[in-house]
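See below for the structure under consideration.
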Amino acid sequence: MRTEPDYLRAGRGIRSWLLTRDHKRIALMFLVAVTLALTLGGAFAMILRTKLLYSGPWLIEPLTYNRLFTLHGVVMVFMFMIPAIPAVFGNFALPMMLGAKDLAFPRINLASFYVYLAGAALALWGMIHGGADTGWTFYAPYSTTTPTDVAPVALGVFVLGVSSIMTGLNFIATTHMLRRRGLRWHDMPIFVWAIYATSIIQVIATPVLGLAVGLVAIDHALHMGIFDPALGGDPVLFEHLFWFYSHPAVYIMILPAMGVIAEVVPTFAKKHPFSYKALAYSSLGIAFVGFLTWGHHLFVAGISQFDAAIFGVMSMFVAIFSAIKVFTWIGTLYRGSITFNTPMLYFFAFVYLFAFGGMTGIAVATTSLDVHWHDTYFVIAHFHFIMIGGTLTAFLAALHYWFPKMFGRMYPERWGLVSAALVFAGFNLTFVPQFLLGNAGMPRRYYAYPDRFHVLNVMSTLGAYLLGAALILTLVYLLASLRWGKPAPANPWGSRGFEWRSPSPPPAHNFVVPFDPAHGCYAYDRPPPDEAPAVET
Amino acid sequence: MTRETDHEPGAAGYVAVWLALVVLATATLFLSRAVTGGWGLAVALVIASVKATLVAAFFMHLAHGRPIHRIVFAVAIGFLVVLVIGVLADVGTRSIASSYVDELGQPAPR
Amino acid sequence: MTAAVETAAGPLPVQYDSLERQHATARLGMWVFLGSESLLFAGLLALYAAYRFVYPAEFHAASAHANLVIGTANTYILLTSSLTVALAIHATRRGHRRRTVALLVATIALGLAFDVLKVIEYAGHLREGLAPGDYYAFADLPARGVVLYVTLYYLLTGLHALHVTGGVGALIWLAVRAQRGAFTPHSHVALELGGLYWHLVDLVWIFLWPLLYLIR
Amino acid sequence: MNELLRRILHLPAQSSSVAADIDALHYTVILATMAGVTLAAAIAGVFLVRYRRRTTAVPLTPRIEVPLWFEVVAYGGLLILFCAWWVVGFAQYREIETAPADAIPIYVTAKQWMWKFAYPEGPTSQDALIVPVGRPVKLIMTSRDVIHSFYVPDFRLKQDVVPGRAETLWFEATEPGSHDVLCAQYCGLRHSLMRAQVVALSAPDYARWLDAARAPLELPGAKGDGQGLAEDGRATAAERGCLRCHTTDGSPFIGPTWAHAFGQLRHTADGRDVVIDEAYLTESMMDPRAVIAAGFPPVMPSYQGVLTPAEVSAIIEYIRSLRDAAPARAVPSPAGPIAFPPPGDTPGANP
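Residue numbers (our numbering), protein chains in the order written: chain A, 209 to 745; chain B, 18 to 127; chain C, 35 to 250; chain D, 11 to 361.
Right under this line is the structure:
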């Protein structure tokens with residue numbers, strides 16, 4: 209029945225991959241790059257955790273330790289968290305969900321991949337060459353006066369920002385202009401809403417980060433003194449510019465994850481979302497209100513009480529949108545017909561960890577508690593609960609969910625469930641002790657710490673080893689099933705989603721027979737459309 | 018979809034807009050001498066906004082282009098204002114105590 | 035596979051139904067890019083607002099030494115260049131290829147004039163010692179606060195001048211393509227995007243001029 | 011209940027006036043958080059078990075759209091709860107941020123990797139902030155180089171110290187004791203070793219310490235054989251401020267007393283017994299944290315490069331001269347030994 213080769217075999221040779229304009233191939237190239245970044249960042253984390261087994265100086269020098277946590281921050285945030293789900297699954301699934309043959313600007317899409325590689329190379333060369341030891345936050349005046357080599361790393365982050373803007377711009381144009389005839393905004397899958405909201409943040413917030421790290425690079429190299437207190441400058445202003453980007457950036461990280469979950473739950477519960485509008489509009493709500501809350505990172509930085517009041521209240525409002533999403537996902541399970549696959553186990557891990565991480569965010573936004581917790585391991589546990597418990601868990605859920613569609617192979621279900629459980633266990637063993645460390649008052653970025661924090665640190669390190677092992681296990685069996693996985697049917701999960709109405713792996717231009725949007729992507733109260741070969745699992 | 022080029026201002030329209038801009042620029046120059054201090058800034062910003070609206074509406078075809086263009090422009094300017102206000106709300110209301118130590122009359126220990 | 039629709043600008047990309055749809059998408063993409071660029075200046079304007087609030091007197095004193103003549107001349111130059119590029123697009127729609135090229139060349143000339151005046155202005159300031167950051171060596175005014183105005187002046191106008199230079203480069207490329215007849219009344223979206231970008235550069239200067247030169 | 015929760019959550023001692031209130035809000039927020047999340051997960055679990063698919067054929071599921079009133083009630087209620095926490099939290103924040111008028115001002119200077127304290131009356135000290143119990147103290151802090159953060163976990167208080175500005179932080183210690191001061195804002199190589207101690211003394215002890223610190227340091231000569239050297243030693247000890255923490259009449263104060271010390275065994279914090287001889291005294295002056303006497307806070311600054319070898323030997327001679335001297339009653343002996351709870355613990359064996 210297949211008239212033309214699928215996108216994996218549509219072209220031969222390295223040139224057809226490196227110069228491709230097919231959004232699906234670019235998605236796979238991003239997948240490889242992003243997985244490398246995750247592995248690299250994870251390795252740095254392992255070294256940091258190993259050093260923290262002992263309270264005194266051990267294993268590595270303080271300068272090496274400072275460089276490693278900077279590397280861990282920069283690599284994980286800018287090279288994995290920000291691009292991961294949008295650039296891989298946004299690139300792959302968004303056009304298919306809209307019924308489009310490709311993104312609006314394919315050349316810009318390919319360029320964004322090479323700009324990402326350039327930025328990553330520049331940042332890592334900067335690290336190897338001189339190695340910034342400023343932390344991924346680059347706070348002035350330390351970042352502008354430290355003898356280590358800050359400029360290349362800062363410019364690397366700038367270039368990675370440009371790649372992020374290009375991806376965001378592409379998705380906004382595609383969502384507006386390339387929807388299939390008859391596909392209204394309210395017929396679109398919720399994943400598209402989430403990626404659209406993320407793109408708005410990427411396009412609006414990233415330039416301000418570019419400026420902030422650009423100023424740090426200029427200040428460090430040419431001593432322009434824009435934040436230099438000796439010339440009357442105010443370092444807190446850098447913190448304002450940096451967090452104006454970095455708080456919306458955490459929504460860039462979590463919104464696509466929420467989009468993935470909004471696709472996984474209806475498919476495996478075989479049920480229409482509890483409230484489509486709530487899920488769709490809460491994504492936009494997070495995108496816009498998320499820009500008004502950056503000040504809760506500055507409660508003890510010396511901002512005025514009036515400003516702290518504004519940002520405190522706004523932080524409470526933005527949390528409501530996350531609560532809406534969690535309740536709506538759980539509501540979707542009500543009277544569904546649930547099958548328990550690996551993506552669903554990742555969903556349950558996501559719900560528990562993200563909700564807990566989010567609520568500790570509320571606790572930190574309760575201004576007076578932040579005075580004790582700011583810059584301690586409580587904050588580190590909070591954002592790792594959201595980043596690993598939320599985004600990485602959803603990334604793995606998406607990887608398993610769309611694996612049949614991307615590669616035409618099935619992953620081994622049993623191994624999937626085992627590794628998901630190990631990831632959940634390793635994660636909790638690593639980061640729950642860090643909440644307690646934060647309560648006990650251990651500041652972050654500490655090379656040597658008072659002895660009273662010793663036991664909790666050892667527990668956290670063991671957890672880190674377990675989490676690392678579980679992730680490596682996941683990588684192994686996924687790579688193995690590329691070769692030996694059972695051939696995947698077009699619709700292994702029996703999903704109504706639009707992307708499942710094309711063969712696995714899909715042809716170069718996504719659809720043999722364009723799908724009929726009248727059959728909604730969540731219409732589990734009506735029989736499945738016949739044109740897509742609905743295969744029961 | 019209406020073709021965009023039907024009702025865009027003709028050559029004469031563009032020259033008229035240009036004249037308005039030049040007049041406003043000259044007005045800003047002289048007004049800045051007359052109105053000084055905080056009000057001077059307000060006046061200058063109002064005139065600049067009027068000029069910006071003229072350029073955006075006619076030269077950039079926002080007036081009769083697709084509505085999404087206006088939304089994108091408004092959102093960008095909106096967040097620009099949010100950033101400036103967020104920063105000013107902090108700098109503006111910081112208490113006196115956090116000015117330089119020596120201004121407190123007590124020499125900071127060297 | 036739908037047959038690729040032949041258009042003047044090469045085969046219509048497969049994901050577009052019509053040429054007009056592709057142009058509309060290109061314009062939307064450009065507007066999103068312009069929104070993103072304006073946020074780049076937003077960061078510097080926020081710094082300007084904060085520092086002007088903290089050091090009003092120093093900003094006032096320092097602004098007196100800004101070269102008002104060149105600043106005002108540049109304002110008129112950019113306003114006029116906006117007119118010429120708008121007329122150029124208008125001429126393309128009317129099919130007057132030669133007039134389009136002439137107007138584009140005029141715009142390029144005005145852009146270069148802006149850059150030249152800017153270099154002259156910078157040279158003058160640097161000779162006086164009005165240099166940014168640690169290199170500030172201006173006799174009349176103490177550094178504290180004033181140097182922040184000077185640094186912000188160089189950052190704002192420097193970033194803007196960079197965008198002007200980039201714009202001039204784009205216009206030169208567009209003029210060459212116009213000369214080769216690449217733009218027809220129905221297909222000249224690249225020229226429109228170049229025009230939009232140039233108008234944004236003018237828009238930014240409309241705000242920079244009063245904020246930097248007219249602090250009274 | 012407070013103590014139980016405090017231990018479970020690994021919270022440090024509540025040693026400042028605001029600590030108890032903050033912890034109370036902490037317990038409500040954390041318990042509500044855990045309860046809410048566990049409830050949500052439980053509901054999800056129940057739905058999973060209740061609605062798991064038992065047949066192979068996929069049934070059609072009802073399309074249920076949540077009624078708007080349910081959403082408004084649920085999310086409105088949640089928003090009100092969050093805002094209520096914020097109201098309480100911000101009230102406490104204002105209390106933390108606004109120092110009372112009668113607070114004692116003390117100037118704190120943060121410098122890359124050390125804290126220096128200066129009292130308006132003139133005495134300065136390094137790494138040891140001596141404060142009275144029960145009276146508010148206002149720290150006026152500035153930094154010499156980069157951003158640091160003055161963080162006292164036992165007080166639940168922290169304030170970034172920004173160069174070029176004076177940041178204020180006030181607290182009121184509730185009971186005598188010494189508390190760790192840590193740097194919470196990354197500031198470079200020895201960020202994790204930039205530590206100090208807040209030593210809270212009862213009111214009379216503080217008053218006496220302040221008098222001793224302020225009084226012109228003239229002390230009657232002590233009997234000693236090498237009259238000249240011991241005499242120089244006494245003058246040097248007075249001038250260098252040693253006698254502000256070490257007494258010469260046998261009573262322990264902030265530091266161990268010098269009377270009847272020379273040649274005795276000193277029980278150290280890590281359980282060893284060391285003979286007090288020239289080597290031990292020299293090492294204690296140059297690297298005070300190498301050996302810390304049991305029951306005393308590690309607050310002595312290092313005099314490396316401050317004392318010349320001649321002065322070191324003079325001081326040692328003075329201590330030797332107090333070996334069997336009858337306690338001279340000139341300095342009123344403190345009311346009794348300072349009731350020091352064992353300090354948190356000595357910082358890790360730092361390089």
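We treat Cβ as the ideally placed atom computed from N, Cα and C, and that holds for glycine. Small disclaimer: the values here were computed from a predicted structure and weren't measured.
Exercise. Measure from the alpha carbon of residue 108/B to the alpha carbon of each residue in 149/C, 119/C, 81/C and 129/C, then state which is nearest.
Key: 81/C
Self-check item: Among 723/A, 717/A, 712/A and 693/A, nearest to residue 706/A - alpha-carbon criterion
Solution: 723/A
Quiz item: Taking contact to mean at least 3 C-beta pairs separated by less than 8 angstroms, is the stretch 423-433 of chain A in contact with the stretch 373-389 of chain A?
Solution: no
Exercise. Say whether chain D places a C-beta atom closer than 8 angstroms to the C-beta of residue 546/A.
Key: yes
Self-check item: Environment of residue 12/D [buried if 16+ CB atoms lie within 10 Å]
Solution: exposed
Exercise. Give, in chain order, every unbroken run of the alpha helix (DSSP H) that is at least 4 residues long and sits entirely within the stretch 345-369 of chain A.
Key: 350-353
Quiz item: Taking only beta-carbon atoms, is residue 415/A less than 8 angstroms away from chain C?
Solution: yes
Quiz item: What residue does the alpha helix (DSSP H) around residue 81/C start on, and which one ends it?
Solution: 53-88
Exercise. Using a Cβ-Cβ cut-off of less than 9 angstroms, give me the residues of the stretch 562-579 of chain A that come near chain D, in sequence order.
Key: 563, 564, 566, 567, 568, 570, 571, 573, 574, 575, 576, 577, 578 and 579
Quiz item: Is the distance from the Cβ of residue 369/A to the Cβ of residue 334/A below 8 angstroms?
Solution: no
Exercise. Determine the direct distance from the alpha carbon of residue 382/A to that of residue 252/C, and round the result to whole angstroms.
Key: This structure does not reach residue 252/C, given that chain C is present from 35 up to 250, and the question cannot be answered.
Practice problem: Taking residue 169/D and residue 153/D to be in contact with their CB atoms under 8 angstroms, please state how far apart those CB atoms are, rounded to whole angstroms. | Solution: Incorrect: roughly 11 angstroms between the Cβ atoms, too far for contact.
Self-check item: Contacts that residue 67/C makes with chain A (C-beta to C-beta distance below 7 angstroms)
Solution: 377
Self-check item: C-alpha distance - residue 54/C paired with residue 89/B, whole-angstrom precision
Solution: 20 angstroms
Practice problem: Excluding the 5 residues preceding and the 5 following residue 596/A in the sequence, name in chain order all residues of the same chain whose CB lies nearer than 7 angstroms to its CB. | Solution: 635
Quiz item: Using Cβ-Cβ distances below 8 angstroms, what residues of the stretch 81-94 of chain B are close to chain A?
Solution: 85, 92 and 93
Practice problem: Could you list which residues in chain C have their beta carbon closer than 7 angstroms to that of residue 313/A, in chain order? | Solution: 63
Exercise. Taking only the alpha-carbon atoms, compute the straight-line gap between residue 215/A and residue 475/A and give it to the nearest angstrom.
Key: 25 angstroms
Practice problem: Determine the direct distance from the alpha carbon of residue 527/A to that of residue 497/A, and round the result to whole angstroms. | Solution: 10 angstroms
Self-check item: Where residue 91/C falls, given that 16 or more other Cβ within 10 Å makes a residue buried
Solution: exposed
Practice problem: Kindly confirm or deny that the stretch 499-508 of chain A and the stretch 19-38 of chain D touch, where touching means at least three C-beta pairs closer than 8 angstroms. | Solution: no
Quiz item: Considering residue 594/A, what are the terminal residues of the alpha helix (DSSP H) in which it resides?
Solution: 585-594
Quiz item: Nearest-angstrom Cα distance between residue 70/C and residue 83/B?
Solution: 19 angstroms
Quiz item: Taking buried to mean at least 16 other C-beta atoms within 10 Å of its own C-beta, is residue 106/D buried or exposed?
Solution: buried
Quiz item: Mapping DSSP to helix, strand and coil, what is residue 221/C?
Solution: strand
Quiz item: Which ranges would you report for the beta strand (DSSP E) in the stretch 50-96 of chain D if only whole runs of at least 3 residues count?
Solution: none
Practice problem: Determine the DSSP secondary structure at residue 624/A, reduced to helix, strand or coil. | Solution: helix
Quiz item: Name the chain B residues that come within less than 7 angstroms of residue 236/C, Cβ to Cβ?
Solution: 72
Quiz prompt | Coil, strand or helix - residue 731/A by DSSP | solution = coil
Practice problem: Identify whether residue 651/A lies in helix, strand or coil by the three-state DSSP scheme. | Solution: strand
Exercise. Alpha carbon to alpha carbon, how far is residue 78/B from residue 94/B? Give it in angstroms, no decimals.
Key: 17 angstroms
Quiz item: Can you name the residues of chain C whose CB is closer than 8 angstroms to the CB of residue 96/B?
Solution: 73 and 76
Quiz item: Would you call residue 66/D buried or exposed, if buried means 16 or more other Cβ atoms sit within 10 Å of its Cβ?
Solution: exposed
Quiz item: Is the stretch 613-630 of chain A close to the stretch 570-586 of chain A, with three or more CB pairs under 8 angstroms?
Solution: no
Exercise. Measure the alpha-carbon distance for residue 151/D versus residue 348/A and round it to whole angstroms.
Key: 18 angstroms
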